[in-house]
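Novice: One structure follows; several queries about it will come next.
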Amino acid sequence: MNVCKINVNLCKGCGICVKFCPKHVLEISDELNPSGFHPAHPAKPELCTACAICAEMCPETAIEIYRRKKSRAS
Amino acid sequence: MNVCKINVNLCKGCGICVKFCPKHVLEISDELNPSGFHPAHPAKPELCTACAICAEMCPETAIEIYRRKKSRAS
Amino acid sequence: MSSLVEAPGTQLPDNDLQCVFKKPASMTSKPLHYCPGCSHGTYHRLIAELIDDANLLSTTVGVCPVGCAVFAYDYFEFDMIQAAHGRAPAVATGVKRCLPDRFVFTYQGDGDLAAIGTAETIHAAARGENITIFFVNNGIFGMTGGQMAPTSLIGQKTTTSRAGRDASWTGQPFKVCELLSTIEGCAYIARVALTSAKNVRTCKKYMRKAIQAQQQKSGFSLVEILSPCPVQWGMQPGDALDYIENTVTKVYPPGEFVNKLPESE
Amino acid sequence: MSSLVEAPGTQLPDNDLQCVFKKPASMTSKPLHYCPGCSHGTYHRLIAELIDDANLLSTTVGVCPVGCAVFAYDYFEFDMIQAAHGRAPAVATGVKRCLPDRFVFTYQGDGDLAAIGTAETIHAAARGENITIFFVNNGIFGMTGGQMAPTSLIGQKTTTSRAGRDASWTGQPFKVCELLSTIEGCAYIARVALTSAKNVRTCKKYMRKAIQAQQQKSGFSLVEILSPCPVQWGMQPGDALDYIENTVTKVYPPGEFVNKLPESE
Amino acid sequence: MLEENIIAGFGGQGVLSLGKILAQAAMEEGLNASWLPSYGPEMRGGTANCIACFSDDEIGAPLAASYDVVIVMNQPSLEKFEQVVKPQGTLLINSSIIPVKPTRNDLDIHYVAANELAEEVTGTTKSANIVALGALHAVRPRLKTESLEAALKFTFGAKGDKLVQSNIRALHAGMEAMKPAVA
Amino acid sequence: MLEENIIAGFGGQGVLSLGKILAQAAMEEGLNASWLPSYGPEMRGGTANCIACFSDDEIGAPLAASYDVVIVMNQPSLEKFEQVVKPQGTLLINSSIIPVKPTRNDLDIHYVAANELAEEVTGTTKSANIVALGALHAVRPRLKTESLEAALKFTFGAKGDKLVQSNIRALHAGMEAMKPAVA
Amino acid sequence: MQAKRRLIKGNDALSLGAIAGGCDCFFGYPITPQNEVPELLSSEMPKNGRVFLQAESEVASINMVYGAAAAGMRAMTSSSSPGVSLMMEGISYIAGAELPCLIVNVMRGGPGLGSISPSQGDYFQACKGGGHGDYRCIVLAPWSAQEMFSFPELAFDLADKYRNPAMILADGVLGQMMEPASIPAEFTRVSRPEKTWATNGRNGRSHKNVANSLVIDPHELRDHNLKLQAKYTKMQEDCKWDTRLAEDADVLVVAYGITARLAFSACKLARKKGVKAGLFRPITLYPYPSAPLLDVAKGKKRILVVELSSGQMVEDVRLTMNGAIPVDFYGEMGGVIPSPAEVCAKIMEAAK
Amino acid sequence: MQAKRRLIKGNDALSLGAIAGGCDCFFGYPITPQNEVPELLSSEMPKNGRVFLQAESEVASINMVYGAAAAGMRAMTSSSSPGVSLMMEGISYIAGAELPCLIVNVMRGGPGLGSISPSQGDYFQACKGGGHGDYRCIVLAPWSAQEMFSFPELAFDLADKYRNPAMILADGVLGQMMEPASIPAEFTRVSRPEKTWATNGRNGRSHKNVANSLVIDPHELRDHNLKLQAKYTKMQEDCKWDTRLAEDADVLVVAYGITARLAFSACKLARKKGVKAGLFRPITLYPYPSAPLLDVAKGKKRILVVELSSGQMVEDVRLTMNGAIPVDFYGEMGGVIPSPAEVCAKIMEAAK
Ligand SMILES: Cc1ncc(C[n+]2csc(CCOP(=O)(O)OP(=O)(O)O)c2C)c(N)n1
Ligand SMILES: Cc1ncc(C[n+]2csc(CCOP(=O)(O)OP(=O)(O)O)c2C)c(N)n1
Ligand code: SF4
Ligand code: SF4
Ligand code: SF4
Ligand code: SF4
Ligand code: SF4
Ligand code: SF4
Ligand SMILES: [Mg+2]
Ligand SMILES: [Mg+2]
């Protein structure tokens, strides 16, 4: 499964990644981060295609995207 | 005969009126005016048609033009 | 010399003479301080004639620049404000916003308007400021001794471009009318060269429209004249006019650039 | 919360994961001070990515403005100069003229560039100054609390136009790309809105061309981004992006306005 | 009598208006008052704070080296301002989002679960700041309750009586919550 | 020895270079010298003037209240500067274009038809200023003739020897013209 | 008009005070910490039939003020330190052309971009002429929201009286702080001298008017300057000051604006500690109240000048005392505001 | 390099002196009476492989200087009074960011447009910081063509030593006057300190450099200001002055620049009239040579300060003397230059 890694310390909960994720992977958490923002988090990580749209749109560069390498046998 | 009246105190001898007078009425005098310029003067006043081109072109507004009224009988 | 001298306004020998040309009433009798053959004087006279024609003497507030025309306040009969170098449009804005029924104009050189005054000019236009600018482009800083202006031609020798203006170092000539044409606040923008009696009349026509634009509250108006600076150009006055006609107008084409006057042809 | 927290750069569980997106090397790890949903951060990241791509880290001198991006010097790994409000193009000129082989850019907001910095911007362009400007147009003075900018839309409510911007009093929105297009010194001028991943890529393409223009010494280059100021606009970040897409771009059409790049398609 | 207060918290927590309401209430009582915000470059998030002083005498400095009262609405503020409370001064802590405890033991320390209480009596956490005001008023009653209510009316009146009433409820919820402490 | 000179005339008459040549000549002799022009807004016509001082001592002020020598090349300058000549000082008048006479009688007054003489020996009135210089040198020989000639070489050398020679002729024409006065 | 006591920000009080003081037009460019001024005036000026225009820069602002002032208006601009620096040429022109107007500087930390925190680092600029040439501005230093409200009218009156630019020199604290102040419910048009010199169009006037600072002839410009200097001397009759606890004081603290507030509190603390301290507060920083200061200082043991600067006004105090009484200085810079306790400590030192 | 004595205009000497002093780049905008500077440099700088660029304004000029100085260049601009007023924000930034550069002010009559005649009305602006905040420029006052030539290098050296803007404060007479001066035939590249702080691109540097005057935290900005103040204090070790006939003088005339020349002539006249007069000439106006002045003034009966202003430097003389010796003032304004005889008359009065 691909990984959409959100650094909650940098996230300001603007919701832009949530808005633009084509797979609706992301949601805004109702918890507060240390800066008093409600950060985004991957609610349905399994749906992530690693398209990186969220990361491209994130103003804080708070998102890193990792793609699962195709396993040879297939 | 029409009158092209040049105020030599204002004239700076730039020669523009001389250049543009279609009838070549005007010339630069070789005398100096009180400001040390060689002023223009109507050398051939009789040729003046009172077209006022010289006056329109004079940067100093040093020229006044007077036209001779047509005499009734003609 | 006395043969030549005619004190201004003396009664003429006979009465069948009618005056077809004399100094307009809005102009003072003070001798101009400009160099021989400088068009500032001509442009001044045209302004005064138009103020007379439109009967605006009592409602006009003029703003003069820093430049050779800095003393312009001595040559007009209406109220004048001497503005800091390049700031005339801001000064005029201050007057016009408070007294919208006055006719407010600025008179500016190319260094004043197109160098240091760029922001004030462009933002007056952008606000659609209801003022009129009479702009004298002689492609040089006249008053300070002939340094290069943003409007100087490529190859033009000035005291700060002795080898001639080099485009690769200082860029291309700065075209005010073309630049302003992109700004919606402009109601009337035109350029003319004072190189012949015909052009002088065209100039006066353009200036009249610029004044009308303000009177009709249509917005910002500007008339640029291509003017000689014989002294700093190192030319005879007559030659300087020919140079404008043959060379300068190639870089700065005359004509009307913006004309939003309702009844304009 | 700890469930959520992943300290940046921690080793991931397994090695079949390859990183497809992370912070560029030219960007520092310092958290940005911008408001939630502000595009300044995105634009910063794109600059850093391009500096990395073109391998310019060691030869770049950036100039940051006075505006919300005033702290930009904290976010880049290359040399930076903090310029007086509006004067970044003059500061960049000072650097570039002395060090022509450096990559010199300015980063400016619309108040900085299109209000107080108008003259410096236009004359840098007029000189064909070989610098690149990254211009953030959010139609407002963000840093100072949301006052009207020359670029504000008609009807836009700001803290100095509470009833909405009134064209009859303050003029029409100030269009930087359109204005600059008349200036011969410009080598590359483009505008884009950061309203989608696709547009972010377009923006990066434009920015790359602007950088190439400077590297090829073709003259002045500028890329304007239409950016949101959610806080001062009083909108949610997402809605602000939609507003740009649906409304702002109608007044400020995106696209390439000048492109003198030899190998440009 | 001169009372100097600092109120600190996140941008969105209404700490500035809490201070204003204190000053307004003091003025309603005919006292002299001053309110001084921390102001910075426009940017949301991060912490905000303000200083509110009132006195029956002419107010000189609108700020001080140490304060009679410090209200902290979030953890960074507790860390930042714990040290400026006067010995025996009052430190009021919003226990809703501040898990940690202060280190000083020479203070009159109180806790109020402002967010929860606000949510309880008004349905939102918005008026947590007013709950804290009520709590402060209970443990340190320097102004009349009517003055505080008048200040709330003045502040929220324009936005309708409903809002005024819910804030007054928040005020009293804060006061109630401190009953044990004062009892 | 300190000599202070004013030279004044129309813009075109070369009064500034006359002053410069004086200062240059003094320097050629190893004296201290200073030259100070009147400078105004760029504009041709009107009068120009300059002050040239030289001394074997360090020169303090490059200007003075009154002058040892005043050379006037046109009438406005005579009117303007007659009063600043020191008693017994030298007043040299270009009689070619100044019809009127000075009013003071406590001066050493000389006339030279500079324009005519220049025209005579050089074919143009351009070097009338140098004729005046020669005249001054004749009636008040403070510097060596060689120094003046050297200064002329320095000044006009770049423009070719012909010009130098014609100016030297002008210098001597001015000196000759004053023979009677000095005799 | 009856006034009502309300809690108000200094910048808001200043804005309403400008309207109350008959300000006809405001031209300005935003800058922290004075943004409430253009923000409030942008809506209030039109409501009251006045002109508000946001300029493209401070340079434009001050030159718009120049034009409006020449046209006879009560014209005003407001800014903070860096913005005011950009007005130096314009202010010199306005002073040279003898035009009345109001410039507000809500000072912040410098030099350069510095910070937006309160400061008093622009005293030299305001009082000694930051612009070129021998000119002076009338400079007023309020210390409360009430004075922020009342000084604009005072400034306009003095400006009109002397045909000279007036400046209100405040700081970030005074601008941002809220205090109770009496503000009338609505504003009545204030009277002002007739301006026969105004360049507002001749209509009927027998002569033209010219607003100008160019005097090309040295002797005429000398005379013009002598006239200006005579005017500046005459201004002494309008210098203003205030004192607290000064009568019996041994240590006289001299401070203006917000610093005077701190100093006042400090004096009270010092007296609790047994040191007789008092406050002298210059209200007009130019003309500087030298005569009153000399008078109040008579018999004091020591003078302590306190500023939010490296020591600027202290020079005028020293020039005034000319060695008669020792003058100490305590300053903080960069937006750091000393507490009354810290100022008190300096008083105790001085008292030693 | 062997120097040859030639008759040269002050402005031309200054221009050649800039090149001799290692000026890498000049950015300026024309203004009388200093136009010879950009005019000469426009051709001489390129010849010597340096940069000359005519800016669109003085505001642009000073900010181009800011950029070039940040990049480690010896950067310079030149103007006259109104133009220098427009540089106040920029100079404050340069001082705040601690960048070395050279600003030349060939002063003319003010205020406003004033005139183009010589003046010394910008002393306050130059020495007390016409811009906002607590900064200072190093200010040098030449009095001859020779010093016009030699001071640019001195100014650059001091600027680099202290990482601070330096200013040469001249006037129309010094700019326009011709005098003999020794000018080398050609110019050899001068040595200068390595500028490890320059923002000229990292290439290889382990860390990035930032040129900046923004310090948002009040305590950090306070510390930054304290650092600046310490620097200004240290500058005292480089203060420069000159004297003539001062040893045995009863009346000490204090004057700078062209005025010192008039005063020197006046002292000679006074001595002819039997009054022992001498001259003290501050060469660095900032740092002001207070200690040397106190020293030279010891035992004098009276001090007479002469300026082409309403009285600006006289404040620093009075602050220096602090009442120890009576200080008189004689000033002319607007471009009027008193003759040595007139200055002598004032000396005679003082001697009474
Ligand atoms: C702030 C300022 N900068 C520079 C100057 C010097 N200056 C006077 S006029 C002028 C330019 C004149 O050129 P232009 O505007 O084209 O007018 P012109 O004399 O050619 O008619 C300059 C640079 C000044 N007076 N003030
Ligand atoms: C000379 C000067 N004038 C005004 C200011 C105040 N100021 C700071 S940023 C700014 C405008 C910010 O707007 P913009 O450039 O659009 O940047 P944004 O914050 O919107 O990104 C202003 C007016 C200043 N710092 N300096
Ligand atoms: S876009 Fe970035 S900052 Fe915004 S919510 Fe997503 S991760 Fe957080
Ligand atoms: S990478 Fe693509 S799919 Fe995965 S979270 Fe981000 S936007 Fe959604
Ligand atoms: S145009 Fe005018 S100024 Fe020129 S020569 Fe003719 S009359 Fe004289
Ligand atoms: S009026 Fe016409 S014809 Fe007569 S002199 Fe002038 S130009 Fe010539
Ligand atoms: S210098 Fe040029 S512009 Fe100025 S008056 Fe002379 S000719 Fe006209
Ligand atoms: S105020 Fe606007 S521009 Fe500034 S950081 Fe916030 S959102 Fe971005
Ligand atoms: Mg010109
Ligand atoms: Mg913006």
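Residue numbers (the numbering used here), protein chains in the order written: chain A, 1 to 74; chain B, 1001 to 1074; chain C, 2001 to 2265; chain D, 3001 to 3265; chain E, 4001 to 4183; chain F, 5001 to 5183; chain G, 6001 to 6352; chain H, 7001 to 7352.
Virtual Cβ for every residue (Gly too), placed ideally from N, Cα, C.
(1) In or out: H:Gln7146 buried (at least 16 other Cβ within 10 Å) or exposed?
(2) Regarding B:Ile1053 and ligand 6, is the C-beta to nearest heavy atom distance less than 7 Å?
(3) Considering only the alpha carbon of each residue, which of F:Gly5030, F:Leu5018, F:Leu5016, F:Ile5007 lies closest to H:Pro7180?
(4) What separation, rounded to the nearest whole angstrom, lies between the Cα atoms of E:Ile4007 and G:Gly6331?
(5) With hydrogens ignored, establish whether the beta-carbon of H:Asn7225 is closer than 7 Å to any heavy atom of ligand 2.
(6) Using beta carbons (cut-off 8 Å, strictly below), is H:Asp7171 in contact with chain G?
(7) I'd like the ranges of any beta strand (DSSP E) spanning at least 3 consecutive residues and lying wholly in the region 2010 to 2063 of chain C.
(8) Which chain C residues are close to G:Tyr6066, counting only those with a beta carbon under 7 Å from its beta carbon?
(9) Quick one: which residues of the region 1012 to 1038 of chain B get their C-beta closer than 7 Å to a C-beta of chain F? List them in chain order.
(10) Please confirm whether E:Ile4097 has its beta-carbon closer than 8 Å to some beta-carbon of chain K.
(11) How far does the beta strand (DSSP E) with E:Asn4094 in it extend, from its first residue to its last?
(12) Would you mind giving the Cβ-Cβ distance between H:Val7173 and F:Pro5062, rounded to the nearest angstrom? I have them listed as a contact below 8 Å.
(13) By Cβ distance, which residues of its chain are closer than 6 Å to G:Val6065, with the 5 residues on each side in sequence left out?
(14) Between the region 7098 to 7116 of chain H and chain G, which residues of the former have a C-beta closer than 9 Å to a C-beta of the latter?
(15) Can you give me, in chain order, the residues of the region 7038 to 7072 of chain H that have a beta carbon less than 7 Å from any beta carbon in chain C?
(16) Between which two residues does the beta strand (DSSP E) carrying G:Leu6353 extend?
(17) Rounding to the nearest angstrom, what Cα-Cα distance links F:Ala5151 and H:Val7296 in this structure?
(18) With DSSP as the reference, label D:Val3223 as helix, strand or coil.
(19) Closer than 8 Å, CB to CB, is C:Leu2017 near chain B or not?
(20) Quick one: which unbroken alpha helix (DSSP H) runs of 4-plus residues sit fully inside the region 3142 to 3185 of chain D? Chain order, please.
(21) From which residue to which residue does the alpha helix (DSSP H) around D:Trp3233 run?
(22) Helix, strand or coil for G:Gly6331? Go by DSSP, reduced to three states.
(23) Nearest chain G C-beta to E:Asn4129 closer than 8 Å, yes or no?
(24) Should the region 2029 to 2037 of chain C be regarded as contacting the region 2068 to 2087 of chain C, the criterion being three or more beta carbon pairs within less than 8 Å?
(25) Relative to the C-alpha of F:Pro5037, which candidate in H:Leu7169, H:Gly7067, H:Met7177 has its C-alpha closest?
(26) Under 7 Å: does the beta carbon of A:Ile16 sit that close to some heavy atom of ligand 4?
(27) If we cut at 8 Å on Cβ distances, does A:Pro80 have a partner in chain D?
(28) Heavy atom of ligand 10 less than 7 Å from the Cβ of D:Ile3140, yes or no?
Specialist: Reading from the atomic positions:
(1) The count along the eighth sequence starts at 1 and reaches residue 7146 of chain H at position 146. Buried, because 16 or more other Cβ atoms sit within 10 Å of the Cβ of H:Gln7146.
(2) Here the question's residue 1053 of chain B lines up with position 53 in the second sequence. At least one heavy atom of ligand 6 lies closer than 7 Å to the C-beta of B:Ile1053.
(3) As a first step, residue 7180 of chain H must be located in the eighth sequence, where it is residue number 180. Closest option to H:Pro7180, Cα to Cα, is F:Gly5030.
(4) Counting from 1 along the fifth sequence, the entry for residue 4007 of chain E is found at position 7. Counting from 1 along the seventh sequence, the entry for residue 6331 of chain G is found at position 331. The alpha-carbon atoms of E:Ile4007 and G:Gly6331 are separated by roughly 28 Å.
(5) Translated into the one-based positions of the eighth sequence, residue 7225 of chain H becomes position 225. For ligand 2, not one heavy atom lies less than 7 Å from the Cβ of H:Asn7225.
(6) Walking along the eighth sequence from the start, residue 7171 of chain H turns up at place 171. No, no contact with chain G.
(7) 2017 to 2021
(8) Here residue 6066 of chain G corresponds to residue number 66 of the seventh sequence, with the count starting at 1. Residues of chain C passing the Cβ test: Val2091, Gly2094.
(9) Lys1012, Leu1032, Ser1035, Gly1036, Phe1037
(10) Of the protein chains in the structure, A, B, C, D, E, F, G and H, none is chain K.
(11) Here residue 4094 of chain E refers to the residue found at position 94 when the fifth sequence is read from its first residue. E:Asn4094 -> beta strand (DSSP E) spans 4085 to 4094.
(12) Stepping through the eighth sequence from its first residue, residue 7173 of chain H is reached at position 173. Stepping through the sixth sequence from its first residue, residue 5062 of chain F is reached at position 62. Between H:Val7173 and F:Pro5062 a beta carbon distance of about 7 Å is seen, short of the 8 Å cut, so the two are scored as contacting.
(13) Looking up residue 6065 of chain G in the seventh sequence gives position 65. For G:Val6065, where only same-chain residues beyond five positions count, the Cβ hits under 6 Å are Phe6027, Ala6075, Thr6077, Cys6101.
(14) Within the region 7098 to 7116 of chain H, the residues whose Cβ lies closer than 9 Å to some Cβ of chain G are Asn7105, Met7107, Arg7108, Gly7109, Gly7110, Pro7111, Gly7112, Leu7113, Gly7114, Ser7115, Ile7116, listed in chain order.
(15) Pro7038, Glu7039, Ser7042, Ser7043, Gln7054, Glu7056, Ser7057
(16) As shown, chain G starts at 6001 and ends at 6352. That puts residue 6353 of chain G outside it, with no answer to give.
(17) On the sixth sequence, residue 5151 of chain F is found 151 positions in, with the first residue counted as 1. On the eighth sequence, residue 7296 of chain H is found 296 positions in, with the first residue counted as 1. So the two alpha carbons sit approximately 43 Å from each other.
(18) For the purposes of this step, residue 3223 of chain D is taken as residue 223 along the fourth sequence, with counting starting at 1. Shown here, D:Val3223 sits in a strand according to DSSP, grouped into three states.
(19) For the purposes of this step, residue 2017 of chain C is taken as residue 17 along the third sequence, with counting starting at 1. Interface residue, yes.
(20) 3167 to 3170, 3176 to 3180
(21) Here residue 3233 of chain D corresponds to residue number 233 of the fourth sequence, with the count starting at 1. Unbroken alpha helix (DSSP H) run through D:Trp3233: 3230 to 3233.
(22) Stepping through the seventh sequence from its first residue, residue 6331 of chain G is reached at position 331. DSSP places G:Gly6331 in strand when its eight states are reduced to three.
(23) Locating residue 4129 of chain E in the fifth sequence gives position 129, counting from the first residue. It does not; no Cβ of chain G falls within 8 Å.
(24) Here the region 2029 to 2037 of chain C lies against the region 2068 to 2087 of chain C, with 3 or more beta-carbon pairs under 8 Å apart.
(25) The count along the sixth sequence starts at 1 and reaches residue 5037 of chain F at position 37. In terms of CA proximity to F:Pro5037, H:Met7177 leads the group H:Leu7169, H:Gly7067, H:Met7177.
(26) Numbered from its first residue, the first sequence carries residue 16 of chain A at position 16. No, the Cβ of A:Ile16 stays beyond 7 Å of every heavy atom of ligand 4.
(27) The structure shown has nothing for residue 80 of chain A, since chain A only spans 1 to 74.
(28) For this step, residue 3140 of chain D is matched to residue 140 along the fourth sequence. D:Ile3140 Cβ: within cutoff of ligand 10.
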